[in-house]
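Engineer: If you scroll down you'll find the structure; I have some questions about it.
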Amino acid sequence: MKAHPQDYIKIMREEIIKEEQASFMNQVGAVFGYLTSASLGQMADQALAREQSVAIRENAVENLPELLETFEKNAVKNGMEVLWAADAEEARSIIKDLVKKHEVKVITKGKSMISEEIDLNHYLEAELGVKIYEGDLGELIVQMRGTPPFHIVGPAINLNIQQIAQTLVDHIGMEYTEDAKAIANYVRTFMRRQFEQADMGITGVNMAVASTGSIILVENEGNIRWSTAAPKVHVAIMSLEKVVADMADAFHIMEMLSRSCTGQGMTSYVSVLSGPRAAGEYDGAEKMYVVILDNGRSDIYQDPFLRQALKCIRCGRCGTACPIYLTVGAYPYGWCYPGPMGTVISPLLLGLDDTYDVYQACTLCGGCKSVCPAGIDHVELFYHYRAMKVAGDKRFKAVPVSPVERAGFKSWAAAMKNPTLYEKSVGLIRYYLNLGSKEGQVSKMPGPLKAWSAYRDLPLAEKTFHQYWAEREKTSVSEKEAAAGSDKGGQDHE
Amino acid sequence: MQRISLFIPCAVDALLGDVGADTVRLLSSLGFELIYHAEQTCCGQPAISAGHVDLARDIAKRFIEIFEDDEIIVSPSGSCVNTVKNDYPRLLSDEPEWHLRALNLGEKVYEISQFLVDQAGIEDVHASFTGKIAYHKSCHLLRALGIDLQPQKLLSHVKGAEIVPLNAAEQCCGFGGQFAIKYPQVSHALVRQKTQNFLQTGAEVLIVSDPGCLLNIGGYLHRNHPHLKARHLVSFLAQNLEGGVSI
Amino acid sequence: MSSRAMILEKLRAAGSPERINREVMPRSEIRRGDADVFIEKATAAAAQVIKTTVDNVPQAVRDILAEIGCRNLLLSDEGIIREFKIEAVAGEMGIALQFTGELPAEEYRRQIFQVEAGISGCDFALADSGSIVIKHDGDKQRLLSLAPDHYIALVKASQLLKDRFDLALLLEKEKIAAVTLITGVSRTADVALQVVLGMHGPRKVYILLIDD
Numbered sequence: 001m002k003a004h005p006q007d008y009i010k011i012m013r014e015e016i017i018k019e020e021q022a023s024f025m026n027q028v029g030a031v032f033g034y035l036t037s038a039s040l041g042q043m044a045d046q047a048l049a050r051e052q053s054v055a056i057r058e059n060a061v062e063n064l065p066e067l068l069e070t071f072e073k074n075a076v077k078n079g080m081e082v083l084w085a086a087d088a089e090e091a092r093s094i095i096k097d098l099v100k101k102h103e104v105k106v107i108t109k110g111k112s113m114i115s116e117e118i119d120l121n122h123y124l125e126a127e128l129g130v131k132i133y134e135g136d137l138g139e140l141i142v143q144m145r146g147t148p149p150f151h152i153v154g155p156a157i158n159l160n161i162q163q164i165a166q167t168l169v170d171h172i173g174m175e176y177t178e179d180a181k182a183i184a185n186y187v188r189t190f191m192r193r194q195f196e197q198a199d200m201g202i203t204g205v206n207m208a209v210a211s212t213g214s215i216i217l218v219e220n221e222g223n224i225r226w227s228t229a230a231p232k233v234h235v236a237i238m239s240l241e242k243v244v245a246d247m248a249d250a251f252h253i254m255e256m257l258s259r260s261c262t263g264q265g266m267t268s269y270v271s272v273l274s275g276p277r278a279a280g281e282y283d284g285a286e287k288m289y290v291v292i293l294d295n296g297r298s299d300i301y302q303d304p305f306l307r308q309a310l311k312c313i314r315c316g317r318c319g320t321a322c323p324i325y326l327t328v329g330a331y332p333y334g335w336c337y338p339g340p341m342g343t344v345i346s347p348l349l350l351g352l353d354d355t356y357d358v359y360q361a362c363t364l365c366g367g368c369k370s371v372c373p374a375g376i377d378h379v380e381l382f383y384h385y386r387a388m389k390v391a392g393d394k395r396f397k398a399v400p401v402s403p404v405e406r407a408g409f410k411s412w413a414a415a416m417k418n419p420t421l422y423e424k425s426v427g428l429i430r431y432y433l434n435l436g437s438k439e440g441q442v443s444k445m446p447g448p449l450k451a452w453s454a455y456r457d458l459p460l461a462e463k464t465f466h467q468y469w470a471e472r473e474k475t476s477v478s479e480k481e482a483a484a485g486s487d488k489g490g491q492d493h494e
Numbered sequence: 001m002q003r004i005s006l007f008i009p010c011a012v013d014a015l016l017g018d019v020g021a022d023t024v025r026l027l028s029s030l031g032f033e034l035i036y037h038a039e040q041t042c043c044g045q046p047a048i049s050a051g052h053v054d055l056a057r058d059i060a061k062r063f064i065e066i067f068e069d070d071e072i073i074v075s076p077s078g079s080c081v082n083t084v085k086n087d088y089p090r091l092l093s094d095e096p097e098w099h100l101r102a103l104n105l106g107e108k109v110y111e112i113s114q115f116l117v118d119q120a121g122i123e124d125v126h127a128s129f130t131g132k133i134a135y136h137k138s139c140h141l142l143r144a145l146g147i148d149l150q151p152q153k154l155l156s157h158v159k160g161a162e163i164v165p166l167n168a169a170e171q172c173c174g175f176g177g178q179f180a181i182k183y184p185q186v187s188h189a190l191v192r193q194k195t196q197n198f199l200q201t202g203a204e205v206l207i208v209s210d211p212g213c214l215l216n217i218g219g220y221l222h223r224n225h226p227h228l229k230a231r232h233l234v235s236f237l238a239q240n241l242e243g244g245v246s247i
Numbered sequence: 001m002s003s004r005a006m007i008l009e010k011l012r013a014a015g016s017p018e019r020i021n022r023e024v025m026p027r028s029e030i031r032r033g034d035a036d037v038f039i040e041k042a043t044a045a046a047a048q049v050i051k052t053t054v055d056n057v058p059q060a061v062r063d064i065l066a067e068i069g070c071r072n073l074l075l076s077d078e079g080i081i082r083e084f085k086i087e088a089v090a091g092e093m094g095i096a097l098q099f100t101g102e103l104p105a106e107e108y109r110r111q112i113f114q115v116e117a118g119i120s121g122c123d124f125a126l127a128d129s130g131s132i133v134i135k136h137d138g139d140k141q142r143l144l145s146l147a148p149d150h151y152i153a154l155v156k157a158s159q160l161l162k163d164r165f166d167l168a169l170l171l172e173k174e175k176i177a178a179v180t181l182i183t184g185v186s187r188t189a190d191v192a193l194q195v196v197l198g199m200h201g202p203r204k205v206y207i208l209l210i211d212d
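Quick note, the sequences are listed as chains Y, B and X, same order.
First residue of the first sequence? That's 1 in the numbering used here, and the numbers climb one at a time after it.
First residue of the second sequence? That's 1 in the numbering used here, and the numbers climb one at a time after it.
First residue of the third sequence? That's 1 in the numbering used here, and the numbers climb one at a time after it.
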């Protein structure tokens with residue numbers, strides 16, 4: 001999909017008034033929080049498990065070039081073809097050539113955020129007129145509606161059953177029903193036809209295993225198994241950070257992924273693919289391609305601090321822990337990566353200026369960081385992006401902060417370094433606040449702060465602490481003097 | 001007893017002086033001797049949060065100079081304590097001497113509930129209150145400093161107070177400093193959500209540990225549910241001491 | 001310069017001079033799995049697990065097929081199926097059946113979309129997650145456990161491993177084109193968060209756990 005994070009504020013205003021949606025998403029957050037905590041709690045040593053997943057991803061990112069080369073070597077030995085794409089355009093072009101080479105008419109897909117990142121579906125449909133069917137029910141719905149996915153695992157999670165049913169009525173001729181089973185059944189039958197005809201399956205990759213040259217794909221619905229077993233050609237797209245060292249590492253990440261994502265110890269299906277079909281197989285791809293995508297990640301990799309952004313395992317747990325994402329939803333983020341996962345990666349891939357509101361509209365509450373199985377320090381990253389924006393950053397496309405803001409902070413800093421200036425400033429602010437106050441609460445905030453007053457008052461104490469302390473000191477001094485005085489025979493020092 | 005140096009955040013000084021006063025009342029009632037460096041202003045968190053790190057560095061250095069000779073420093077704000085303990089060393093990582101001074105200072109800075117329970121071994125401050133209360137877990141206190149049980153232990157010893165569980169107690173209230181001014185609609189939605197959860201408890205008082213949360217939730221309640229109150233932990237304790245309120 | 005070369009060069013040029021490389025997950029020997037744990041986990045994932053003895057396998061299969069009421073099925077052509085003469089059991093019930101291995105490719109592909117049930121053995125089972133593991137080496141076709149409405153898996157208790165890390169050790173050494181881990185029944189929650197079982201895979205999964 002075409003990224004448009006610059007529309008954050010506009011879209012946020014549209015979404016924020018949907019109070020029911022926010023209320024619903026907050027409940028979803030609570031449910032996911034409960035399910036994932038319970039699932040992680042089932043592990044023998046949850047704290048150790050997290051240490052291990054953090055270490056595995058750190059290992060993988062620190063050894064990225066070696067692991068990628070090892071993966072490629074072994075994958076090729078297994079009979080896969082490994083192709084490298086510097087950017088989205090090259091990835092699309094590579095896949096287009098494969099579609100043409102294999103005379104593909106129908107494609108079925110497993111859910112792949114990378115394919116969204118490179119806007120693959122629209123491109124192939126427009127350039128070649130192929131028919132592409134998203135196999136995942138949620139993805140199919142949003143594909144039909146032409147909207148971005150709302151959540152990495154629940155693309156249509158924000159839609160009610162009436163909207164889902166109507167979408168299927170409008171696009172694939174379902175008879176209107178609000179029965180979830182009937183709806184799922186209709187899609188099952190519909191997709192069977194596509195799976196049967198498909199010439200190519202396109203999937204993402206959850207983990208690429210370097211030591212065995214395998215890719216691992218996890219799912220609950222079965223559309224990935226279909227897309228990798230039924231068509232003659234399989235194209236798997238992965239961003240370059242998806243590799244891990246070996247099968248044990250991969251299986252541990254897989255466990256942390258499913259427990260953190262949906263609260264499952266294991267998803268319904270796990271496919272470990274190490275090459276095209278074996279001799280004697282009737283199912284499975286005859287030709288298997290893995291496309292490794294850079295698209296800005298090798299630039300992120302140059303910075304030893306920022307490269308932690310590449311540790312992400314795409315579990316989406318950060319989203320369900322983020323009060324902002326739960327409140328504004330996915331659309332304001334303007335891309336296929338919503339929530340904190342998006343706030344981590346979009347500024348680095350799309351540029352700090354275009355994504356300004358994405359990383360500014362965050363309270364730095366740390367909810368995301370506290371649940372991340374890969375050990376990404378979201379709070380430090382977002383602090384960093386803000387500092388990079390202030391100073392300006394050529395690598396990640398930020399012009400320095402506006403002179404007005406800079407001047408404002410400079411005067412504020414000057415006041416903070418000078419007690420006299422500080423006290424005068426506090427006095428001035430309190431004067432203006434008191435103009436709009438009544439009984440210890442300010443109902444009308446002055447000038448630049450008036451946005452506050454749209455929704456709430458501001459508590460305002462009668463005195464500053466400095467004043468309170470000074471008075472207390474004076475009182476205790478005169479009390480001491482009075483005590484000393486009374487010892488000397490009752491002289492009144494009042 | 002050791003002398004406690006008071007670290008009073010700028011927001012408390014300027015807007016919530018009574019919270020500072022209640023900090024003094026509470027600690028005095030427990031017999032602590034207090035000192036207050038009147039030249040203190042701000043820890044610099046707003047500059048760090050907004051990315052003006054060079055300005056924050058100067059403020060940090062001044063703060064370190066003011067406080068580093070104290071034995072113990074206590075503050076009624078988890079977010080400010082976090083800035084000093086966790087942000088200062090990172091901020092000054094390129095200057096080894098300052099980095100070390102920041103680390104050393106950080107060892108001596110405590111949020112007030114952490115100080116009372118962990119350092120002074122005090123859980124019962126001899127307060128009483130009849131009624132239901134709920135406890136909101138401020139973000140920096142909970143996640144950045146790992147302080148969770150300490151405030152709750154202090155509250156559990158308040159005679160007569162019934163602590164009612166709060167749904168999503170750990171969820172951010174939406175203050176976020178400049179966030180509340182820059183993205184007011186989103187901030188509003190978050191404080192509204194927090195308030196809805198609070199309303200469900202049936203409690204009259206919501207206890208918070210951070211001045212930012214107090215400004216945000218306190219102001220929102222006053223505008224929309226004036227019969228309900230948000231109180232800072234130290235104010236709630238200090239104002240309900242059994243011995244009566246001292247000056 | 002090719003994209004490959006450019007990307008790898010950029011990655012190599014950045015990065016720490018001393019690359020850390022730890023073995024994070026402990027490597028142990030292969031551990032056996034507990035049958036009761038497997039039954040509990042597989043059942044929780046909505047598979048129907050039937051425990052039986054070696055002698056009772058034919059009857060157990062008969063019972064399952066009777067419950068399904070299918071008129072046709074496909075069988076994988078391998079050890080456990082032949083060992084227990086599953087084809088005879090089903091044949092005696094008047095069910096039309098074929099071994100996948102006996103069909104030419106196009107005929108298999110035609111039938112797999114129409115057949116009502118599939119039966120195969122497994123290579124392993126993972127007790128701690130209630131999963132069955134199938135190595136697709138030509139005997140056990142991939143769609144056999146995916147396409148039909150009903151799937152019956154035959155597992156021997158001796159095939160039980162403790163968990164996925166035992167499997168990882170085995171997969172590290174052996175090269176297989178495709179391995180599938182099946183845990184329960186396929187599902188979706190994409191219809192307004194209501195969980196529906198049997199999405200793109202079989203609607204019902206039967207696991208016959210043979211105590212050997």
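The beta-carbon is built from N, C-alpha and C at its ideal position, and this holds for glycine as well.
What whole-angstrom Cβ distance do Tyr455(Y) and Pro184(B) have, given they're in contact under 8 angstroms?
Structural biologist: Rounded, the Cβ-Cβ distance is 7 angstroms, consistent with contact.
Engineer: Would you decide whether Gln200(B) is buried or exposed? Buried here means 16 or more other CB atoms lie within 10 Å of its CB.
Structural biologist: When all chains shown are included, Gln200(B) counts as exposed.
Engineer: How far does the beta strand (DSSP E) with Thr70(Y) in it reach, from first residue to last?
Structural biologist: Counting along the chain, Thr70(Y) falls outside any beta strand (DSSP E), though it belongs to the alpha helix (DSSP H) covering 64–77.
Engineer: Can Leu11(X) and Leu64(Y) be called in contact, C-beta distance under 8 angstroms?
Structural biologist: Closer than 8 angstroms, so yes.
Engineer: Taking the beta carbon of Ile305(B) as the centre, do at least 16 other beta carbons fall within 10 Å, making it buried, or is it exposed?
Structural biologist: In this structure chain B extends from 1 to 247, so residue 305(B) is not present and cannot be described.
Engineer: Can you find a C-beta in chain X that's less than 8 angstroms from the C-beta of Met1(Y)?
Structural biologist: Chain X, which has no Cβ nearer than 8 angstroms to the Cβ of Met1(Y), makes this no.
Engineer: Anyone know if the C-beta pair for Asp357(Y) and Tyr8(Y) falls short of 8 angstroms?
Structural biologist: Taking 8 angstroms as the Cβ cut-off, Asp357(Y) and Tyr8(Y) qualify as a contacting pair.
Engineer: Please tell me whether Asp97(Y) and Asn295(Y) are closer than 8 angstroms, where the distance is taken between their beta carbons.
Structural biologist: Cβ distance not < 8 angstroms, so Asp97(Y) and Asn295(Y) don't count as in contact.
Engineer: DSSP state of Asn72(X), grouped into three classes?
Structural biologist: Reduced to three states, the DSSP call for Asn72(X) is strand.
Engineer: Counting only C-beta atoms, is Asp190(X) closer than 8 angstroms to chain Y at any point?
Structural biologist: Asp190(X) counts as touching chain Y.
Engineer: Have a look at the DSSP bridge pairing and note the partners of Tyr135(B).
Structural biologist: DSSP output for Tyr135(B) lists Ile207(B) as bridge partner(s).
Engineer: Quick check: the Cα distance between Tyr422(Y) and Ala415(Y), rounded to an integer number of angstroms?
Structural biologist: Looking at the two C-alpha atoms, the distance is approximately 5 angstroms.
Engineer: Following the continuous beta strand (DSSP E) through Leu364(Y), name the residue where it begins and the one where it ends.
Structural biologist: Premise fails: Leu364(Y) is in no beta strand (DSSP E) and is neither H nor E.
Engineer: Can Ser425(Y) and Ile237(Y) be called in contact, C-beta distance under 8 angstroms?
Structural biologist: No. Outside cutoff.
Engineer: Just to make sure I have the definition right: I need the residues of chain B whose C-beta is within less than 8 angstroms of the C-beta of Gly367(Y). Which are they?
Structural biologist: Correct list: Cys139, Arg143, Glu170, Gln171, Cys172.
Engineer: What does the alpha-carbon distance come out to for the pair Met256(Y) and Asn121(Y)?
Structural biologist: Each residue's alpha carbon lies about 30 angstroms from the other.
Engineer: Using DSSP's beta-bridge definition, name the partner residues of Asp393(Y).
Structural biologist: Looking at the DSSP assignment, Asp393(Y) forms a beta bridge with Ala398(Y).
Engineer: Measuring alpha carbon to alpha carbon, tell me which of Gln40(B), Leu221(B), Glu65(B), Lys182(B) ends up nearest Gln196(B).
Structural biologist: Of the candidates Gln40(B), Leu221(B), Glu65(B), Lys182(B), the one whose C-alpha sits nearest the C-alpha of Gln196(B) is Leu221(B).
Engineer: Here's a check: name, in chain order, each residue in its chain whose Cβ is nearer than 7 angstroms to the Cβ of Tyr432(Y), leaving out the five neighbours to either side.
Structural biologist: Here the set comprises Pro446.
Engineer: Assign Tyr206(X) to one of three DSSP states: helix, strand, or coil.
Structural biologist: If DSSP states are grouped into helix, strand and coil, Tyr206(X) belongs with the strands.
Engineer: Ignore the nearest five residues each way along the sequence and tell me which others in Gly163(X)'s own chain have a CB closer than 6 angstroms to its CB.
Structural biologist: According to the sequence as given, residue 163(X) is Asp; it is not Gly. Within the same chain, Asp163(X) has close Cβ partners Leu126, Asp128.
Engineer: For Glu162(B), which of helix, strand or coil comes out of DSSP?
Structural biologist: Three-state result, Glu162(B): strand.
Engineer: Name the residue from Asn72(X), Val54(X), Ile112(X), Gln111(X) whose alpha carbon lies nearest to the alpha carbon of Lys85(X).
Structural biologist: Lys85(X) has its Cα closest to that of Val54(X), out of Asn72(X), Val54(X), Ile112(X), Gln111(X).
Engineer: Run down chain Y in chain order and give the residues with a C-beta less than 9 angstroms from the C-beta of Arg82(X).
Structural biologist: Going along chain Y, no residue has its Cβ under 9 angstroms from Arg82(X), so there is no contact; the nearest lies around 16 angstroms.
Engineer: Between the alpha carbons of Leu240(Y) and Arg50(Y), how many angstroms are there, rounded?
Structural biologist: Cα to Cα, Leu240(Y) sits roughly 23 angstroms from Arg50(Y).
Engineer: Indicate the three-state DSSP secondary structure (helix, strand or coil) for Pro459(Y) in the structure shown.
Structural biologist: Three-state DSSP puts Pro459(Y) in a strand.
Engineer: Please go through the same chain and pick out, in chain order, the residues whose beta-carbon is closer than 6 angstroms to the beta-carbon of Leu145(B), but skip the five residues on each side of it.
Structural biologist: For Leu145(B), where only same-chain residues beyond five positions count, the Cβ hits under 6 angstroms are Gly78, Asn82.
Engineer: Determine whether the Cβ of Glu172(X) lies closer than 8 angstroms to any Cβ atom of chain Y.
Structural biologist: Yes, Glu172(X) lies at the interface with chain Y (some Cβ there is under 8 angstroms from its Cβ).
Engineer: Could you tell me if Ala279(Y) is buried or exposed, where buried requires 16 or more neighbouring beta carbons within 10 angstroms of its beta carbon?
Structural biologist: By the neighbour-count rule (16 or more Cβ atoms within 10 Å), Ala279(Y) is not buried but exposed.
Engineer: Within 8 angstroms (strictly less), CB to CB, does Ser49(B) reach chain Y?
Structural biologist: With 8 angstroms as the cut-off, Ser49(B) counts as an interface residue toward chain Y.
Engineer: With 16 as the cutoff for other CB atoms within 10 Å, does Ile119(X) come out buried or exposed?
Structural biologist: By the 10 Å Cβ count, Ile119(X) comes out buried.
Engineer: Mapping DSSP to helix, strand and coil, what is His493(Y)?
Structural biologist: Any reading at His493(Y) must be qualified, since the residue scores a pLDDT of 42, below 50, and its modelled position is unreliable; the value itself is stated next. If DSSP states are grouped into helix, strand and coil, His493(Y) belongs with coil.
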